[in-house]
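Colleague: Below is the structure I would like to discuss, written out as structure tokens.
Residue numbers (this note's numbering): 260 to 775.
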């Protein structure tokens, strides 16, 4: 499938005009790109000897300093495996560590409730996933406010309508009006109802992870989810070098069900790591490998994602900074390590510090997405909506990110020579001083030859002025409205829908309305 051709088809419908055009678009199948298979080489930012140096220092950190596992069950597993355990501090011998890490499969299939949306993760495969965890939204009127369930539903609808997004994520924004003990039920339900793409699990407690698995069991079948990946869940190491009980509880639930986890330290470089890009990578690598190893003590051979979230810190204010060159460099280093270990891995795409969908957001986002693609990341998270260091999900940013993903999809798909012979024939046909607009080759290929975005504006100044002189942010909000207007809810079997509603009702009766 050629990415820009799909985007152009949508664009053509819309420019076709009015109610009839929208009706035709709503009746057409919702486009969805298959797993991105990268056909460009990964960029090696340092020689192999430098990667080996970082690897060696990471092993020394785990052997000599150790990592905290603040969970009794995890401590018992490490003792049984032969690690050096002193209270909650675990020192892991390199042979044991690498034996456990080697059990993780290099690739896995992530199933969607619609089999046509199922994706492959690992190797040359990459998928794009929306942001996660924003308490605020920047809405369709460009106002910053708390997120609601209606906003979350909207973002899941937009994720479903975006052809280059391969997942619905889950907590794209927090539905703040729903009580925290019950919120996870509505988050997962929203992801499963409004999209049929893969989704993400809840990790804020063991019980919430179990509820997520129960809901997945209703949708996919309990027997199926015992062995087949149907979701991805995030667990963060508390840098420096602490895996806490909440994360390990979630890890235990999902890994035991053969569901992949992202083992990703959350590192503020210069605050929770040393003020050194390579020093931060050595530490984060150690933390991630320790988490990966624990999953293999829980269920050997379970699919997992090695990962990282590393941003630099503004030493004047303490604020995290998104699209910096050091953040990009650290991605390249983590990618090289992931390839060494043959692990699928996660990084972030369009995560920015900008408060608005403005030029700063564009500079930051593309600094990082370029690194994510060229570092060979498999699970590119935070690929739509992210503003304000993750505190805000923006409607305009979400829509414009989705359009940019189409371009990145084509970029990573490599250069095609499929029509090269025909292109050479067209040159001979036209000759000097002619034009190619009417040639058979152009007529056959103009829709798919080049990326043709419809939010970005390339018109003349006069035409741009006549159409309202709209900036990119305004056009992004218009696109978001159009995506929601064109939304078609994917079919969900009524028996499954009723099962989900019943589970939510039963669980809500037992859960408190506030955190004690």
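Backbone N, C-alpha and C fix where the C-beta goes; we use that ideal spot for every residue, glycine too.
With residue 477 as the anchor, note down where its alpha helix (DSSP H) starts and where it stops.
Modeller: Position 218 of the chain shown, counted from the start, is the residue given in the question as residue 477. 465 to 479 is the extent of the alpha helix (DSSP H) around residue 477.
Colleague: Relative to the C-alpha of residue 636, which residue among 657, 453 and 591 is closest?
Modeller: Counting from one through the chain shown, the residue named residue 636 turns up at place 377. Nearest of 657, 453 and 591 to residue 636, Cα basis: 591.
Colleague: Give me, in chain order, the residues of the same chain whose beta-carbon lies closer than 7 Å to that of residue 286; leave out the 5 immediate sequence neighbours on both sides.
Modeller: Counting from 1 along the chain shown, the entry for residue 286 is found at position 27. Residue confidence for residue 286 is low, a pLDDT of 47 falling below 50, so the modelled location carries little weight; the figure read from the coordinates is stated next. No residues qualify anywhere along the chain.
Colleague: Between residue 748 and residue 419, what straight-line distance do the alpha-carbon atoms span, to the nearest angstrom?
Modeller: For this step, residue 748 is matched to residue 489 along the chain shown. For this step, residue 419 is matched to residue 160 along the chain shown. Distance between the alpha carbons of residue 748 and residue 419 is about 9 Å.
Colleague: For a quick check, are the C-beta atoms of residue 450 and residue 464 less than 8 Å apart?
Modeller: On the chain shown, position 191 is the one that residue 450 refers to. On the chain shown, position 205 is the one that residue 464 refers to. Their beta carbons are not under 8 Å apart, which means residue 450 does not touch residue 464 by this criterion.
Colleague: From the DSSP output, read off the bridge partner residues of residue 607.
Modeller: One-based indexing of the chain shown puts residue 607 at position 348. Paired residue(s): 640.
Colleague: Distance, Cα to Cα, residue 670 vs residue 639?
Modeller: Translated into the one-based positions of the chain shown, residue 670 becomes position 411. Translated into the one-based positions of the chain shown, residue 639 becomes position 380. Cα-Cα distance, rounded: 15 Å.
Colleague: Judging by CA-CA distance, which residue of 546, 516 and 504 is the nearest neighbour of residue 320?
Modeller: Counting from one through the chain shown, the residue named residue 320 turns up at place 61. Checking every option, the nearest Cα to that of residue 320 belongs to 546.
Colleague: Keeping to the same chain, check which residues put their C-beta closer than 7 Å to that of residue 681; ignore five residues upstream and five downstream.
Modeller: Start at 1 with the first residue of the chain shown, and residue 681 comes out as number 422. Excluding residues within five positions, the ones whose Cβ falls inside 7 Å are 700.
Colleague: Please report how far the alpha carbon of residue 652 lies from the alpha carbon of residue 417, in whole angstroms.
Modeller: Taking the chain shown and counting its residues from 1, one reaches residue 652 at position 393. Taking the chain shown and counting its residues from 1, one reaches residue 417 at position 158. Computed Cα separation, rounded: 12 Å.
Colleague: Please work out which residues of its chain come closer than 6 Å, Cβ to Cβ, to residue 624, disregarding the five sequence neighbours upstream and downstream, and give them in chain order.
Modeller: As a first step, residue 624 is located in the chain shown; it is residue number 365 there, counting from the start. Same-chain partners within the cutoff: 609 and 611.
Colleague: Please report the residue range of the beta strand (DSSP E) in which residue 328 lies.
Modeller: For this step, residue 328 is matched to residue 69 along the chain shown. 326 to 328 is the extent of the beta strand (DSSP E) around residue 328.
Colleague: Specify the secondary structure class of residue 497 as computed by DSSP and reduced to three states.
Modeller: Here residue 497 refers to the residue found at position 238 when the chain shown is read from its first residue. The answer is strand: DSSP assigns residue 497 an E or B state.
Colleague: Using the Cβ count rule (16 or more neighbours within 10 Å means buried), how would you classify residue 691?
Modeller: Counting from 1 along the chain shown, the entry for residue 691 is found at position 432. Result: exposed.
Colleague: In whole angstroms, give me the CA-to-CA distance for residue 407 and residue 457.
Modeller: Against the chain shown, residue 407 aligns to sequence position 148. Against the chain shown, residue 457 aligns to sequence position 198. If I take the Cα positions, the gap works out to 22 Å.
Colleague: Along the chain, where does the alpha helix (DSSP H) containing residue 679 start, and where does it finish?
Modeller: Your numbering for residue 679 matches position 420 in the chain shown. 679 to 689 is the span of the alpha helix (DSSP H), which, as asked, contains residue 679.
Colleague: I need the straight-line Cα distance from residue 372 to residue 722, nearest angstrom please.
Modeller: On the chain shown, position 113 is the one that residue 372 refers to. On the chain shown, position 463 is the one that residue 722 refers to. One C-alpha to the other measures close to 44 Å.
Colleague: Where does residue 683 land, buried or exposed, given buried means 16+ other C-beta within 10 angstroms?
Modeller: Residue 683 sits at position 424 when you count from the first residue of the chain shown. Residue 683 should be labelled exposed.
Colleague: Alpha carbon to alpha carbon, how far is residue 306 from residue 440? Give it in angstroms, no decimals.
Modeller: For the purposes of this step, residue 440 is taken as residue 181 along the chain shown, with counting starting at 1. For the purposes of this step, residue 306 is taken as residue 47 along the chain shown, with counting starting at 1. One C-alpha to the other measures close to 49 Å.
Colleague: Among residues of its own chain, excluding the 5 on either side of residue 384, which ones have a beta-carbon nearer than 8 Å to its beta-carbon?
Modeller: Your numbering for residue 384 matches position 125 in the chain shown. For residue 384, where only same-chain residues beyond five positions count, the Cβ hits under 8 Å are 294, 295, 296, 297, 366, 378 and 637.
Colleague: I need the straight-line Cα distance from residue 642 to residue 424, nearest angstrom please.
Modeller: By one-based count along the chain shown, residue 642 stands at place 383. By one-based count along the chain shown, residue 424 stands at place 165. The straight-line gap from Cα to Cα measures roughly 8 Å.
Colleague: Give the DSSP-derived three-state secondary structure of residue 440 in the structure shown.
Modeller: By one-based count along the chain shown, residue 440 stands at place 181. Residue 440: helix per DSSP, three-state reduction.
Colleague: Check the DSSP bridge columns for residue 385 and list the partner residues they point to.
Modeller: Position 126 of the chain shown, counted from the first residue, corresponds to residue 385. Note: residue 385 sits in a beta bridge opposite 295.
Colleague: If you compare alpha carbons, which of 410, 382 and 503 is closest to residue 739?
Modeller: Taking the chain shown and counting its residues from 1, the one referred to as residue 739 is at position 480. Ranking the options by Cα distance to residue 739, first place goes to 410.
Colleague: For residue 799 versus residue 523, is the C-beta spacing smaller than 8 Å?
Modeller: Limits of the chain in this structure are 260 at one end and 775 at the other, which puts residue 799 out of reach.
Colleague: So residue 523 is in the alpha helix (DSSP H); what residue range does that whole segment cover?
Modeller: On the chain shown, residue 523 is found 264 positions in, with the first residue counted as 1. Premise fails: residue 523 is in no alpha helix (DSSP H) and is neither H nor E.
Colleague: Could you tell me whether the region 654 to 670 touches the region 724 to 737, using the rule of 3 or more Cβ pairs below 8 Å?
Modeller: Contact holds: three or more Cβ-Cβ distances are below 8 Å.
Colleague: If you draw a straight line from the C-alpha of residue 760 to the C-alpha of residue 302, how long is it?
Modeller: In the chain shown, residue 760 corresponds to position 501, counting from 1. In the chain shown, residue 302 corresponds to position 43, counting from 1. Between residue 760 and residue 302, the C-alpha separation is close to 47 Å.
Colleague: If distances are taken between C-alpha atoms only, which option among 499, 476, 713 and 403 comes closest to residue 489?
Modeller: Mapped onto the chain shown, residue 489 falls at position 230. The option with the nearest alpha carbon to residue 489 is 476.
Colleague: Going by the beta-carbon positions, is the gap between residue 516 and residue 472 smaller than 8 Å?
Modeller: As a first step, residue 516 must be located in the chain shown, where it is residue number 257. As a first step, residue 472 must be located in the chain shown, where it is residue number 213. In this structure, residue 472 lies closer than 8 Å to residue 516 by Cβ.
Colleague: In its own chain, which residues sit with a C-beta less than 7 Å from the C-beta of residue 742, not counting the 5 before and 5 after it?
Modeller: Working through the chain shown from its first residue, we reach residue 742 at position 483. Excluding sequence neighbours, residue 742 sits near 417, 420 and 658.
Colleague: What separation, rounded to the nearest whole angstrom, lies between the Cα atoms of residue 350 and residue 364?
Modeller: Taking the first residue of the chain shown as position 1, residue 350 is located at position 91. Taking the first residue of the chain shown as position 1, residue 364 is located at position 105. One C-alpha to the other measures close to 24 Å.
Colleague: Smallest Cα separation from residue 601: which of 348, 339 and 361?
Modeller: Counted from its first residue, the chain shown places residue 601 at position 342. Nearest C-alpha to residue 601: 361.
Colleague: Can you tell which of 526, 413 and 541 has its C-alpha closest to the C-alpha of residue 746?
Modeller: In the chain shown, residue 746 corresponds to position 487, counting from 1. Nearest of 526, 413 and 541 to residue 746, Cα basis: 413.
Colleague: Does DSSP classify residue 602 as helix, strand or coil?
Modeller: By one-based count along the chain shown, residue 602 stands at place 343. The answer is coil: DSSP assigns residue 602 none of H, G, I, E or B.
Colleague: Within 10 angstroms of its Cβ, does residue 696 collect 16 or more other Cβ (buried), or is it exposed?
Modeller: What you label residue 696 is simply residue 437 of the chain shown in a count that begins at 1. Counting Cβ neighbours within 10 Å, residue 696 comes out exposed, since fewer than 16 surround it.
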